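Residues in the sequence shown are numbered consecutively from 241, following my numbering. Since the structure comes first, as structure tokens, the remarks are kept for the end.
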Amino acid sequence: MERRPDILCIGSVLWDTIGRSQASMRLGSDVPGRITRLPGGVAMNIAQTLVRLGLRPALLTVVGSDPEGEVLLAEAEAMGMETSTAYRSEDLPTDSYLAVEGANGLIAAIADAHSLERAGAKILTPLRDGRLGTEETPWSGAVALDGNLTEDLLREIAHSPLFARADIRVAPASPGKALRLQALMGHPSAVFYVNLEEAGLLCQTEFTSSEAAAEAMRARGAARVLVTDGGRAATEAAEGRLLTRVPPAVMVARVTGAGDTFMAAHLAADLEGATPEAALDRALAAAAAYVSGDRD
């Protein structure tokens, strides 16, 4: 490892295959469009934005020793990420994600993150073997955690001495996996980045505004939370602070990865010492530029 990374991105690093059409779609639609394959996964998406913002993230993940994994890590290294911290498996394939998007948003998606789930705590080895820390001298810095991790591993992280000094930032992989994050609710240094639906699942109710959702998340034990609601107002809630901002209005060209872009931009602004207002504004602007297609 050439130098200490600025942040750790722990979770899914895989290949995204995404079909996009300019037509509105419904069940059974068969429409023209474009199909692309690119590096993806929550941890990878966050890392890509961090690299664009001048930071060097390290990837703690599992990648197969198959050709797909070789190319994926080569691309990540070329982008400016630290990849020597990734666990290379001889018997697990590189994970993948498949999504279909139309003019009316995400139609359907399937995340095959079974290798990440099966690898479990092996992906945390660099935090205990001295490369990034040990139990006696744990990593002290920012960590982006991906909700694709199993609930058991998230629970282990919540109580592990390896994370005793970490600034933990948490993102659900999808609404379907949001409940896994209950394991970190109440953790004093965990910051949650969720959308309105995910907040509702974690609070076992439905919300009509990000402000109500953020307040409810705080009441359930979240030390700090940011709730987004698509093109509508987003809210940050923390001790003594409730901050709401409206994102820039843009035409939506894509949606997969928008939440990860928001989280990464907000985290980078936080690390630079931006005010809460400025950090939220910068994150919303970055997400808006991403969904509009103005940013790769």
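A virtual CB, placed ideally from N, CA and C, is assigned to each residue, including glycine. Remember, it's a predicted structure, so these values are computed and weren't measured experimentally.
Check the Cα spacing between residue 503 and each of 465, 444, 481: the tightest is with 465.
Note that the stretch 354-364 touches the stretch 334-345; at least 3 beta-carbon pairs, one per stretch, sit closer than 8 Å. The stretch 528-535 makes no contact with the stretch 374-390; the number of CB pairs closer than 8 Å stays below 3. For residue 498, the enclosing alpha helix (DSSP H) stretches over residues 498-511.
Rounded to the nearest angstrom, the gap between the Cα atoms of residue 253 and residue 246 is 18 Å. Taken atom to atom, the span from the alpha-carbon of residue 514 to that of residue 292 is near 17 Å. DSSP places residue 256 in the strand class (E or B) of the three-state scheme.
A straight line joining the alpha-carbon of residue 476 with that of residue 487 spans about 13 Å.
Under DSSP, residue 280 shares a beta bridge with 254.
Residue environment analysis places residue 341 among the buried positions, since at least 16 neighbouring C-beta atoms fall within 10 angstroms of its C-beta. With contacts defined as CB atoms closer than 8 Å, residue 387 and residue 361 fail to qualify as a contacting pair. For residue 350, the uninterrupted beta strand (DSSP E) segment begins and ends at 345-352.
The beta carbon of residue 461 lies closer than 6 Å to those of 425, 426 in the same chain, with the five residues before and after it left out. Short of 6 Å from the beta carbon of residue 432, and not among the five residues preceding or following it, lie these beta carbons of its own chain, in chain order: 410, 462, 465.
Less than 8 Å divides the Cβ of residue 264 from the Cβ of residue 344. Taking one beta carbon from each stretch, the stretch 488-503 and the stretch 279-287 have 3 or more pairs nearer than 8 Å; the two touch.
Approximately 6 Å separates the beta-carbon atoms of residue 493 and residue 532; this is inside 8 Å, confirming the contact. By a beta-carbon distance limit of 8 Å, residue 489 does not contact residue 509. Their separation comes to about 21 Å.
At a Cβ-Cβ threshold of 8 Å, residue 521 and residue 485 count as neighbours. For residue 386, the secondary structure class from DSSP, reduced to helix, strand or coil, is strand.
Residue 404 counts as exposed, since fewer than 16 other C-beta atoms from the protein chains shown sit within 10 angstroms of its C-beta. Remark: C-beta atoms of residue 402 and residue 368 approach each other more closely than 8 Å. Counting only runs that start and end inside the stretch 398-427, the beta strand (DSSP E) elements of at least 3 residues fall at 407-411. From the listed residues 437, 399, 392, the smallest Cα separation to residue 470 is found for 437.
With a beta-carbon spacing of about 13 Å, residue 406 and residue 507 fall beyond the 8 Å limit used to define contacts. With contacts defined by Cβ atoms closer than 8 Å, residue 301 and residue 363 form a contacting pair.
With contacts defined as CB atoms closer than 8 Å, residue 290 and residue 303 fail to qualify as a contacting pair.
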